[in-house]
Structures are given as C-alpha cells and as structure tokens.
Amino acid sequence: MCAHSGRELTLTTVQQSFEKLISLAIQREEEAYEFYTKAANNAELPSSAKLLKELARQEVGHKEKLEEALGGGVCETFTCTTIDEFDRYDLSKYLLDIPLEPSSTSQDILIVAIKREENARDFYKALSKLTEDASNRTVFETLAKEEQIHKERLESIYDQHIQPWM
Numbered sequence: 002m003c004a005h006s007g008r009e010l011t012l013t014t015v016q017q018s019f020e021k022l023i024s025l026a027i028q029r030e031e032e033a034y035e036f037y038t039k040a041a042n043n044a045e046l047p048s049s050a051k052l053l054k055e056l057a058r059q060e061v062g063h064k065e066k067l068e069e070a071l072g073g074g075v076c077e078t079f080t081c082t083t084i085d086e087f088d089r090y091d092l093s094k095y096l097l098d099i100p101l102e103p104s105s106t107s108q109d110i111l112i113v114a115i116k117r118e119e120n121a122r123d124f125y126k127a128l129s130k131l132t133e134d135a136s137n138r139t140v141f142e143t144l145a146k147e148e149q150i151h152k153e154r155l156e157s158i159y160d161q162h163i164q165p166w167m
C-alpha cells in the first residue's frame, strides 16, 4: 500500500504493479551503491576510485528520491489503467539483473556498469512519460538525466583506460 497524505490507500492491480517496479528500482539503486563502492575499493587509479565513490553516493540519492515518490503516492499518478496496457510497456526489462562473475575483468565491470546505467536511464524516462503528475515527472526526468551522466562518465573511464589497450 502506498502512503499518501498520511493515509493508507488500497491500490489497484496496476498501481501495485508500478509499486513493485519502483521497489525493484530502489533495490537496483542499492545494488548500484554496493557495486560502485566495491569497484572503488578495487580501483587501480585514484581518479577512478574517486569517481566510483561519487557515483555510489549519488545512487543513495536516487534511492531516496524513489522512496519519497513511493511514499508520496506516485503509484496513483500513472496513466495506465489496465494490466494489459501496463504489460505492453514491458518496464521490467529495464530492471533485469546483469550478473558479474568473481573473475570479471575491469573491462567487464565497466561494460556492465554502463549497461546498468543505460537501463536505469531508460526506465526513468519511461516512467516520466507515464505519470500525470508534474512533480513526479520532474523526479523521473532528473533521475534519467543523472543516470545518463553516470553512463557518460563510465564511458569516459572506459575510453581512457580500456580502449587504448585494445
């Protein structure tokens, strides 16, 4: 149940589906935080470690924005009215887990990180188009822009440190 204005509301099936997706997005942001923190601790270059720590900190901010939206009744603002309509958007594809092996190279890690940021960006873009509430739209648009910036910064690391060796 989404809390809104201090009262509990019973959600429709579609709203529950959005709630589950946003909860999964929160989980993915937590995983991104852990991912970047671990990568920062293993980074060979101080500049890479600094960037990864900054990305980790920003993922915490993303999680907090999503939790605020969820607590603020965002589930009630989406335009989908039927499960069929909701399913047509196939939003869960953006939140699929992309696993890494313990033996993953720096290149593998960067590629996965770039793909995760790209998926998060696309997910937030889609949510921004589906909400009728201007405030929530702004939150999702901001998250999408921030994920795009993360992607570009990771691509820059890739281009500087991996690409020259290929």
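Those letters in the sequence shown? Residues 2 to 167, per our numbering, in order.
Backbone N, C-alpha and C fix where the C-beta goes; we use that ideal spot for every residue, glycine too.
All values derive from a computational prediction rather than experimental measurement.
Nearest by alpha-carbon distance to residue i: which of the options is it?
i, options, result
"L111", "D160, K94 and L92", "D160"
"Q16", "Q59, A33, C81 and Y37", "C81"
"A26", "I158, E148, I163 and H162", "E148"
"I150", "E119, S18, L131 and K130", "E119"
"T143", "E31, T14, Q28 and G62", "G62"
"I115", "I158, L67 and F19", "I158"
"R89", "T78, I23, L101 and S18", "S18"
"E55", "N43, K64, K66 and T38", "T38"
"K146", "D134, H162 and S129", "S129"
Opposite residue i in the DSSP bridges: which residues?
i, result
"F87", "Paired residues: none, contrary to the question."
"T132", "F79"
Are the C-beta atoms of residue i and some chain D residue less than 8 angstroms apart?
i, result
"Q17", "Of the protein chains in the structure, only one exists, and it is not chain D."
Below 8 angstroms on the Cβ atoms is my contact criterion, and I expect residue i with residue j to pass it. Report the Cβ-Cβ distance as a whole number of Å.
i, j, result
"L12", "F79", "Not really, about 11 angstroms apart at Cβ, beyond 8 angstroms."
message: If contact is defined by three or more beta carbon pairs under 8 angstroms, each pair taking one atom from either stretch, is the segment 43 to 50 in contact with the segment 65 to 80?
response: no
- prompt: With a cut-off of 8 angstroms, do at least 3 Cβ pairs link the segment 119 to 137 to the segment 84 to 101?
  reply: yes
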